[in-house]
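Asks: Take a look at the following structure, please.
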Amino acid sequence: MPERPEKSTIEIRHVSKVFGSGENAVIALDDVSLDIRENEFFTLLGPSGCGKTTLLRLIAGFSYPTEGEIKLYGQDIAPLPPYKRPVNTVFQSYALFPHMSVGENIAFGLEMLGRPKSAIRTRVEEMLALVRMEHLRDRKTAQISGGQQQRVALARALAPQPKVLLLDEPLSALDYKLRKDMQIELKRLQHETGITFIFVTHDQEEALTMSDRLAVMSSGRILQIGNPRQIYDRPAERFVADFIGETNFLTAEVTGLANGKAEVALPGGAKIHALLTEDRELNGAVSVVVRPEHAEIVSNANGADLKGRLANIVYFGTDTLYHVVLETGETFIVRRQNSRKSVDEFSEGTAVGIILADGSAQILRD
Amino acid sequence: MGTASEIARRIEAKDIRDRWLLSAPALIIIALCAIGPLTIVFVYSFLTPGDYGDVVWKFSPDAWISVLFQRDIFDGTWSFADAHLSIFWRSVWLSLMTTLLTLVLGFPTAYFIATRPERTREIWLFLITIPFWTNLLIRTFAIQEVIRNEGIVNALLTGTGITDRPIQMLYTDFAILLGLAYVYFPLMVLPLYASMEKIDFRLVEAGYDLYANRWKVLRRIIIPLAKPGIVAGSILVFIPSLGAYVTPRVLGGGVKLMLGNFIELQFGQGRNWPLGASLSMTLLAIVLAALFMYIHFTARRGGNTHG
């Protein structure tokens, strides 16, 4: 066995989940394997219906895998009922008990574990302090705001000191500002408690800012696992590039291969070097992707990699997006950061050129 | 000067007038159909029985004394009426048992329906309410047919050799209990279902997630959340059971009387309308006591649920 640099908290081995049977069978998870390390903030990212919540529910124990193993510190927990797993969940709907006060909600898990009363009381106070809710202990859960309910849900799930905390899109119901605060709060809680967090979201920005590592999922499969930088800068396939951030796709012609790079001819005729994400035979037409912020827009089209007409300028506050329609009819987006010096040197409808930064172009698996 | 407050006062006066007008039909119906007849019953309970039924307009407290005591027909002395008390007791006891039985059977039934997919729930509810559309008397005779000595249950028992003689079920308290539970079962299931349907079953998952097993989830989460339905269902079953007439008449065979039958007896063969009236008022008092307990019970919790 090769030595692993870090200990795995959760090992998911060839897990499949099929709902229904016969003709109506839906494959929610298709042979998923994954390692989640100790004390990691791990995110499952994907569009709705990709299987991320199904995977989370399998780890929590609310449903059982059709095939495969789920190991928690080496022990196969897949057949265990949820109340026998040292794993707690923060639900998307929070699922706070409406007939109990904030304090009773937080105490619930500890009571079920049969902890002594005095220990429960101390722990509840600790948890209330951790999420800064000391003053609301005796309130009913219907009497507090959405953000406060969110904190109670967190405190309730953290109180029994689970080995793993599962978070099912917990921030999706909050407004933008509160969501930003809670993102920081979650990172702080994870840091302070040292518990492994598995976070499910469809919000790519949330995934990138919060995760130590993330897995991008689609149609029941994991497409890529890596840290945010790897996922963003080196997407493994077209879906990942498209789902995370904005991306330009260009059809290009391969003209040569040399040490991990391909020389490709762009639509306008210019030749650039593009990175290859995998070794494979390349010939003919390929998809080349370039992030909008890795391209530069110039007014002088001579010598530019791409030429086109500026169709649209979208002002975003911190950035401006330039939509350029290339000669082939494809739209290419260039993102440029606004500075105090920048002036509107471009106007819609004029001819512009685009220069691609070195190493910005990649050839992806479709 | 003062115009604003004057307008406000005028609007308020109109509001009050409108409110009275709008509630007038309800008030008239209540006065005609509830308060009026009840007043007559109340007045009759203080009169003297006529020889052939009806009443003689002469004040007498005898009817009220007769609720718990009986007069010796020879020397006219009063003695405690054990028979009356046993009828009261049977009524209350059978009603309590009916409530308990329907609750024990209705709770899992309502839970089952509430956890079905939305489309099939209506079918289940429909099935539960079907017997309700059949005439009460016919349903009661149907039960009689099932449990009588030559009935299907006894035929099965003797046929398979479990017993060598039919078991006497008809004309017993058991028969009345069975009949009442059968008749009032939907009245328990429907309010239970109404409160369970509102339960967010993700709370059950949250319970499991927080180390509660099935039993603890039931006790700590489902039952507390279904409490309004439990209370409403119990009231809805207990009150009509207490005053039941047809079921104990048919299944108790006139041997095992409940309050309803006893009251009927006074207006019929007994020819003692005032006693019938005072017994009716007593029944009403028991029902009101049960209702006040219910209000007291829910008012204490009410403050919590309306956040």
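Quick mapping for you: the protein sequence lines, in order, are chains A and B. In this text, residue positions in the first sequence follow the working numbering: the first is 1, and each later residue adds one. In this text, residue positions in the second sequence follow the working numbering: the first is 367, and each later residue adds one. For every residue, glycine included, the Cβ atom is placed at its ideal position computed from N, Cα and C.
#1: According to DSSP, what are the bridge partners of serine 8 of chain A?
#2: Would you say proline 590 of chain B reaches chain A, if we count a Cβ-Cβ gap shorter than 8 Å as a contact?
#3: Go ahead and pull the three-state DSSP assignment for alanine 241 of chain A.
#4: Does DSSP classify glutamine 632 of chain B as helix, strand or coil?
#5: Examine chain A for any beta-carbon lying closer than 8 Å to the beta-carbon of arginine 568 of chain B, and answer yes or no.
#6: Could you work out which residue in A/Ile297, A/Pro160, A/Phe249 is closest to alanine 285 of chain A when comparing CA atoms only?
#7: With H, G and I counted as helix, E and B as strand and the rest as coil, what does DSSP make of isoleucine 605 of chain B?
#8: Given threonine 247 of chain A, which residues of its chain have a CB within under 7 Å of its CB, disregarding the five upstream and five downstream residues?
#9: Distance check for phenylalanine 412 of chain B and glycine 634 of chain B, CA to CA, integer angstroms please.
#10: To the nearest angstrom, how far is the alpha carbon of leucine 631 of chain B from that of threonine 613 of chain B?
#11: May I have the straight-line CA-CA distance separating isoleucine 453 of chain B from leucine 625 of chain B, to the nearest angstrom?
#12: Please state whether DSSP places valine 433 of chain B in a helix, a strand or coil.
#13: With distances taken from CA atoms, which of A/Arg37, A/Leu113, A/Phe41, A/Phe91 is nearest arginine 57 of chain A?
#14: What residues in the segment 1 to 30 of chain A bring their beta carbon closer than 8 Å to a beta carbon of chain B?
#15: Determine, using beta carbons only, whether histidine 99 of chain A comes closer than 8 Å to chain B.
#16: Comparing alpha-carbon positions, which option in A/His135, A/Thr53, A/Gln224, A/Gly103 lies nearest isoleucine 120 of chain A?
#17: With C-beta atoms as the reference, is proline 160 of chain A less than 8 Å away from leucine 110 of chain A?
#18: With DSSP run on the structure shown, which of helix, strand or coil describes arginine 375 of chain B?
#19: Please list the terminal residues of the continuous beta strand (DSSP E) segment that includes valine 87 of chain A.
#20: Does asparagine 312 of chain A come out as helix, strand or coil in the three-state DSSP assignment?
#21: Could you compute how far the alpha carbon of leucine 136 of chain A sits from the alpha carbon of leucine 617 of chain B?
#22: If you draw a straight line from the C-alpha of glycine 74 of chain A to the C-alpha of isoleucine 59 of chain A, how long is it?
#23: Measure the alpha-carbon distance for aspartate 305 of chain A versus glycine 359 of chain A and round it to whole angstroms.
#24: Just how far apart, CA to CA, sit histidine 672 of chain B and arginine 615 of chain B?
#25: How many Å lie between glutamine 150 of chain A and threonine 141 of chain A at the Cα?
#26: Is the CB of glutamate 571 of chain B under 8 Å away from at least one CB in chain A?
#27: Under three-state DSSP, which class holds leucine 558 of chain B?
#28: Taking all protein chains shown into account, do 16 or more other C-beta atoms lie within 10 angstroms of the C-beta of serine 299 of chain A, making it buried, or fewer, making it exposed?
#29: Could you tell me the boundaries of the alpha helix (DSSP H) in which alanine 129 of chain A lies?
#30: How about leucine 576 of chain B: is its C-beta nearer than 8 Å to some C-beta of chain A?
Replies: Per the coordinate set shown:
#1: Serine 8 of chain A pairs with A/Arg37.
#2: yes
#3: helix
#4: helix
#5: yes
#6: Of the candidates A/Ile297, A/Pro160, A/Phe249, the one whose C-alpha sits nearest the C-alpha of alanine 285 of chain A is A/Phe249.
#7: helix
#8: Ala241, Val289, Arg291
#9: The straight-line gap from Cα to Cα measures roughly 18 Å.
#10: 15 Å
#11: 6 Å
#12: Note: valine 433 of chain B maps to coil in three-state DSSP.
#13: A/Phe91
#14: none
#15: Yes - at least one Cβ of chain B is within 8 Å of the one on histidine 99 of chain A.
#16: A/Gly103
#17: For proline 160 of chain A and leucine 110 of chain A, yes; Cβs fall inside 8 Å.
#18: For arginine 375 of chain B, the three-state secondary structure derived from DSSP is helix.
#19: 87 to 90
#20: Here DSSP, grouped into helix, strand and coil, assigns asparagine 312 of chain A to strand.
#21: 57 Å
#22: 14 Å
#23: Just so you know, the alpha carbons of aspartate 305 of chain A and glycine 359 of chain A end up roughly 13 Å apart.
#24: Residue confidence is low: histidine 672 of chain B scores 38 on pLDDT, short of 50, so the model does not pin down where it sits. Its coordinate-derived value is still stated next. Going from the Cα of histidine 672 of chain B to the Cα of arginine 615 of chain B covers about 44 Å.
#25: 10 Å
#26: yes
#27: helix
#28: exposed
#29: 117 to 130
#30: Closer than 8 Å to some Cβ of chain A, the Cβ of leucine 576 of chain B qualifies, so yes.
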